[in-house]
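A quick write-up on the structure given underneath.
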Amino acid sequence: MTRYQTITTLGDSFLSLMGKGIIPVHLLDWKVYYEAYLKEAQNLHTKYTGRQKTMAATIVADEFDISRRTMFNIIAFMEG
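Each residue of the sequence shown is one higher than the last, beginning at 450 in the numbering used here.
Encoded structure:
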């Protein structure tokens with residue numbers, strides 16, 4: 450089970466754990482970025498053959514005004 454799957458299975462408990470300071474607040478931002486990445490990767494996959502990880506990460510990084518390196522760190526964290 451990946452970290453992203455764990456976070457999504459927490460549901461409303463995720464927000465309450467963040468409120469108590471057990472889970473860092475930036476993980477909510479990372480979750481939003483990662484979900485945008487998954488959506489963009491799916492859209493690119495239907496347009497082009499093969500997985501378009503780099504292109505999807507670049508598009509999302511530009512959209513949210515974060516660096517590509519940060520986006521790849523988020524992807525690695527969520528898929529780990």
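In this text, a Cβ means the ideal position worked out from N, Cα and C, and glycines have one as well.
Please confirm if the region 508-521 is in contact with the region 463-476, defined as three or more CB-CB distances below 8 Å between the two stretches.
Judged by Cβ distances under 8 Å, the region 508-521 makes no contact with the region 463-476, as fewer than three pairs qualify.
Under three-state DSSP, which class holds Lys480?
Stepping through the sequence shown from its first residue, residue 480 is reached at position 31. Three-state result, Lys480: helix.
So, helix, strand or coil for Lys469, using DSSP?
Locating residue 469 in the sequence shown gives position 20, counting from the first residue. In this structure, Lys469 counts as coil in the three-state DSSP scheme.
Using CA atoms only, rank isn't needed, just tell me which of Ala485, Gly499, Thr455, Thr451 is closest to Ala506.
Taking the sequence shown and counting its residues from 1, the one referred to as residue 506 is at position 57. Looking at the Cα atoms, Ala485 is the closest of the given residues.
With a threshold of 7 Å on Cβ separation, who are the neighbours of Phe521 within its own chain once the five nearest residues in sequence on each side are excluded?
Reading the sequence shown from its first residue, position 72 is the one you call residue 521. Cβ within range, chain order: Ala506.
Helix, strand or coil, according to DSSP, for Arg500 in the structure here?
Within the sequence shown, the letter at position 51 stands for residue 500. Residue state, collapsed to three classes: coil.
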